[in-house]
Amino acid sequence: MKRDEWQEGMENEAASVTDARWARETRLAVFWGTFRLVAFGFALAGILSVLTDPPGSEWGTVHGIPIGCGLVLGWRGKSPLAVAMSCALFVPAAWLTVLLMQWLTPGHAPSQPPLNDWLGLTMPALGFTATHLGALLRRWRDIL
Numbered sequence: 752m753k754r755d756e757w758q759e760g761m762e763n764e765a766a767s768v769t770d771a772r773w774a775r776e777t778r779l780a781v782f783w784g785t786f787r788l789v790a791f792g793f794a795l796a797g798i799l800s801v802l803t804d805p806p807g808s809e810w811g812t813v814h815g816i817p818i819g820c821g822l823v824l825g826w827r828g829k830s831p832l833a834v835a836m837s838c839a840l841f842v843p844a845a846w847l848t849v850l851l852m853q854w855l856t857p858g859h860a861p862s863q864p865p866l867n868d869w870l871g872l873t874m875p876a877l878g879f880t881a882t883h884l885g886a887l888l889r890r891w892r893d894i895l
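Its first residue numbered 752, the sequence shown is counted upward by one per residue in the working numbering.
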C-alpha cells in the first residue's frame, strides 16, 4: 500500500465513523504522517546553515555519527523522532564523560568538552534528517 492510498483510506475511515474521538485520532495520525516532509525540509535548511561555516575539523567527525546511524536506521524503518532523541543524548553524554575523567584523573582532564553548545540542536536535526533520507532511499529502491 502506497502512502497516498493509506492517507486516503484513513481520511475516508475518519469521515465515515460516528466516534468523534477515534476520528480525531485518525486525522491526527494522517497529519503527523504528512508533517514529516515539512520537518525534513526545515531540518535540512538548518543543517546547511550550520555546515556553511564549520568551526573546525571536528564537525565532519562528530556529525558523521548521526548521519551514518540515521541513514541505517531510516533504511530499517525506525522512527525519525526516536533517532533524533537518541542523538540529543550525545551532548549530555559528552559532559558526563568529562566529569568522569575529572573525577578519575584530577588535574589532567579537560575543564569542558571541546564541543560547540549548538551541537545539542544540530545532532538531533542531523539524525532526524538522515533517518528521513534513509527511509526515502529505501522507498526509491522499492519503487525502482
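Every residue gets a Cβ at the ideal spot worked out from N, C-alpha and C, and that includes glycine. From a predicted model like this one, the values you see are computed outputs, not experimental measurements.
Point to revise | alpha helix (DSSP H) segment containing Val834, residue limits | key: The count along the sequence shown starts at 1 and reaches residue 834 at position 83. In this chain, the alpha helix (DSSP H) harbouring Val834 covers Pro831 to Ala839.
**Study point:** C-beta atoms of His814 and Leu877 nearer than 7 Å
**Key:** Locating residue 814 in the sequence shown gives position 63, where the first residue counts as 1. Locating residue 877 in the sequence shown gives position 126, where the first residue counts as 1. The Cβ atoms of His814 and Leu877 sit closer than 7 Å to each other.
Exercise for review: Would you mind sorting His883 into buried or exposed? The rule is 16 or more other CB atoms within 10 Å of its CB.
Suggested key: Looking up residue 883 in the sequence shown gives position 132. So His883 counts as buried.
Check your understanding: According to the Cβ coordinates, are Ala765 and Ala774 closer than 7 Å?
Key -> Here residue 765 refers to the residue found at position 14 of the sequence shown. Here residue 774 refers to the residue found at position 23 of the sequence shown. Yes, the pair counts as a contact, with Cβ atoms nearer than the cut-off.
Practice item. Run the CB neighbour count on Pro875, radius 10 Å, all protein chains shown included, and call it buried at 16 or more, exposed below. Key: Position 124 of the sequence shown, counting from 1, holds the residue named residue 875. Under this definition Pro875 is a buried residue.
Practice item. Spatial neighbours of Arg778 within its chain, please: CB distance less than 7 Å, with the 5 preceding and 5 following residues excluded, ordered by chain position. Key: Here residue 778 refers to the residue found at position 27 when the sequence shown is read from its first residue. Result list for Arg778: Ala765, in chain order.
Practice item. Quick one: measure Cβ to Cβ for Gly871 and Val842, integer angstroms, because I've assumed they're closer than 8 Å. Key: Taking the sequence shown and counting its residues from 1, the one referred to as residue 871 is at position 120. Taking the sequence shown and counting its residues from 1, the one referred to as residue 842 is at position 91. The pair is a contact, with the Cβ atoms about 4 Å apart (cut-off 8 Å).
**Study point:** Helix, strand or coil at His859 [DSSP, three-state]
**Key:** Counting from one through the sequence shown, the residue named residue 859 turns up at place 108. When secondary structure is reduced to three states using DSSP, His859 falls in the coil class, being assigned neither helix nor strand.
Exercise for review: Have a look at Arg889, Glu759 and Leu850 and flag the residue whose alpha-carbon is nearest the alpha-carbon of Trp826.
Suggested key: Taking the sequence shown and counting its residues from 1, one reaches residue 826 at position 75. Residue Arg889 is the option with its Cα nearest to Trp826.
Check your understanding: Cβ atoms of Ala881 and Gly828: under 7 Å apart, would you say?
Key -> For this step, residue 828 is matched to residue 77 along the sequence shown. For this step, residue 881 is matched to residue 130 along the sequence shown. No.
Exercise for review: Please state if the CB of Pro817 and the CB of Cys838 are separated by a distance shorter than 7 Å.
Suggested key: Within the sequence shown, numbered from 1, the residue matching residue 838 stands at position 87. Within the sequence shown, numbered from 1, the residue matching residue 817 stands at position 66. In this structure, Cys838 lies near Pro817, with their beta-carbon atoms less than 7 Å apart.
Exercise for review: Tell me whether Arg827 sits in a helix, a strand or coil according to DSSP, three-state version.
Suggested key: Taking the first residue of the sequence shown as position 1, residue 827 is located at position 76. Looking at Arg827 - three-state DSSP - the assignment turns out to be coil, as it is neither helix nor strand.
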